[in-house]
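Residue numbers (the working numbering), protein chains in the order written: chain E, 1 to 335; chain R, 1001 to 1295.
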């Protein structure tokens, strides 16, 4: 990936987002369920219903609706939620931090777990136990995050009730913070009582999201480590009598990191997409859980806003990974 | 690469047995798990001890038969409406297998068609397909299938459509790249030299070489399709609500997880076995069909 390629990708972002917006918009307009029918109070007159339709712009032709919505979206106005009666932008702003904190914690857990597994695997290389590690990694990779969520919920929420299985924080704890990044802010402010309660609620969903991703990190990193270990420079270092940890740290690891970030980084989007169901299962108040409610309530503006939010996150993540690889790789840094 | 050369030299029959031995336990375990799943689905009316919809409120939330308070008539217990959990698990396999087979095959067919066209024509057609795939990749897949299923309405068709529309890109991306690689090979040039047209080269030369790749992807996609069906029925927008599904059973079990944890645990176990079965089968098939891709 050269810098020119990154610029080309940047240029392609706006048309991709418009494509996403168009598809979602058209899709939602063929929904059989009527969002207005779900929000009218009993005894509303047909005139009231017409009034509401006009208020949300649902009486206009699709193209006209899209142009109106798109024009407002460009100015940062994503409309009002039909089911919650609030601005979509405000709703996403309030809930997004919860999802980002969860995804961040999950990524951290996954990277640490994946690295440890890869190092164990590479240490056991050529022995029978290596097959055991590889097999275990295969199983963890095959079972997706939402199944881990259900398994963890059963194991550590119900059978051995160690951790809470629902919500972002205990309702009795008074959270008076400025931002919605509760965890980051409470850590920065030194409010460890709040941080502690938050982490307790986040552990199960975060581990569920982390497990398949950690297996992926372990698999790619182990293959890259094995590759780097076989290279001449590593063999020469060994012949010169350097110890294994030293060779690993100075020669093998830095070279194995690049393919791991390049291949694994792209998959962080999978982890982010997984938050939709995992948040649902643990009743965690992020944008994923809100998205499912929005679909069930046929809340068009909210669904549109949320899918676009995910799309922006996905594209931004992919680009960040490309940049990171370009920075890590000396060949690209100077190329 | 050394043992690759040996494989070629050793001739077809011994290569076949060698591959069988290599694909070995994974292939057979995978095939066995998938085989059992398909058999259970086909023979559901014969092996299910009860009607999966038959309610018996007098014996609701019975634990499995071997625990205290269990009833020998209900081997794996009953749910909150007194329906036989074992029978519901067995009948749920029917939906899972139907979705896996149909959705994965359709997604493969569409994806392969797009991939072949993009990979062989190149130019603006490739550009257009690639941009389309870009747009698709920007969607959160789970959310997109939930929205799609909600849009089309409950039913088997809508579940299948949701999976096909979301997952065709998996095949399209791989087939496009592989078609480009294969077209650069000498044999494709040779086929052009003897006067085969583009369609002929694709059909006679390229497609057969894509088979190992596609079969592997197909097995994995079937596992994914089962998972998506579980997700949709868990959220409550899959097939009609009276059809038993693993996802629906999990959602019902989640409500009474403290009183009857086995109702949630059992469908999870079924799903894990099925998905691991399809993954092992895909892994095994890859080693079996294509020694080059052996890891």
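All residues carry an ideal CB built from backbone N, CA and C; glycine is no exception.
Check                                                                                                                   : Outcome
Where residue 280 of chain E falls: helix, strand or coil (DSSP)                                                        : helix
Per-residue DSSP class, three states only, for residue 1094 of chain R                                                  : helix
Beta-carbon separation (whole angstroms), residue 1285 of chain R vs residue 1219 of chain R, contact threshold 8 Å     : 6 Å
Chain R contact for residue 117 of chain E (CB, 7 Å cutoff)                                                             : no
Short CB-CB distance (under 7 Å) between residue 1227 of chain R and chain E                                            : yes
As assigned by DSSP and simplified to three states, the class of residue 390 of chain E                                 : Because chain E here runs from 1 to 335, residue 390 of chain E falls outside it and cannot be looked at.
Where residue 1078 of chain R falls: helix, strand or coil (DSSP)                                                       : strand
Sub-7 Å separation of residue 1275 of chain R and residue 1223 of chain R beta-carbons                                  : yes
For residue 95 of chain E, three-class secondary structure by DSSP                                                      : helix
Below-7 Å beta-carbon distance, residue 16 of chain E vs any chain R residue                                            : yes
Cβ shell of residue 1271 of chain R (< 6 Å), same chain only, five flanking positions each side left out                : 1230, 1246
Residue interval of the alpha helix (DSSP H) (run including residue 238 of chain E)                                     : 232-239
Between the CA atoms of residue 311 of chain E and residue 337 of chain E - distance to the nearest angstrom            : Residue numbering for chain E in the displayed model covers 1 to 335; residue 337 of chain E lies beyond these limits and cannot be assessed.
Any 3 or more C-beta pairs closer than 8 Å across the stretch 177-184 of chain E and the stretch 95-102 of chain E      : yes
Residue-chain proximity (residue 6 of chain E, chain R), Cβ-Cβ < 7 Å                                                    : no
Cβ neighbour criterion (16 or more within 10 Å) applied to residue 212 of chain E                                       : buried
C-alpha gap between residue 17 of chain E and residue 1132 of chain R, whole angstroms                                  : 11 Å
Residues near residue 301 of chain E in its chain [Cβ-Cβ closer than 7 Å; skip 5 each side]                             : 78, 79, 80, 81, 82, 88
Which residues DSSP lists as bridging residue 1084 of chain R, in chain order                                           : R/1078
Cβ neighbours of residue 149 of chain E in the same chain (closer than 6 Å, five flanking residues each side left out)  : 208, 278, 281
Beta-carbon proximity of residue 268 of chain E to residue 317 of chain E, cut-off 7 Å                                  : yes
Inter-residue Cα distance where the pair is residue 123 of chain E and residue 1103 of chain R                          : 42 Å
Contained beta strand (DSSP E) runs [length at least 3] in the stretch 78-149 of chain E, N- to C-terminal order        : none
Complete runs of the beta strand (DSSP E) confined to the stretch 47-83 of chain E [at least 3 residues]                : none
Cβ contact check for the stretch 1162-1174 of chain R and the stretch 1203-1218 of chain R: 3 or more pairs under 8 Å   : yes
For residue 1261 of chain R, three-class secondary structure by DSSP                                                    : helix
At least three beta-carbon pairs within less than 8 Å, the stretch 248-264 of chain E to the stretch 220-236 of chain E : yes
Per-residue contacts from residue 27 of chain E into chain R (C-beta, under 8 Å)                                        : 1147, 1148, 1151
Complete runs of the alpha helix (DSSP H) confined to the stretch 153-234 of chain E [at least 4 residues]              : 182-189, 192-230
Beta carbon of residue 1165 of chain R nearer than 7 Å to that of residue 1183 of chain R                               : no
Residue environment, residue 304 of chain E, which counts as buried when at least 16 other CB atoms sit within 10 Å     : buried
Coil, strand or helix - residue 267 of chain E by DSSP                                                                  : coil
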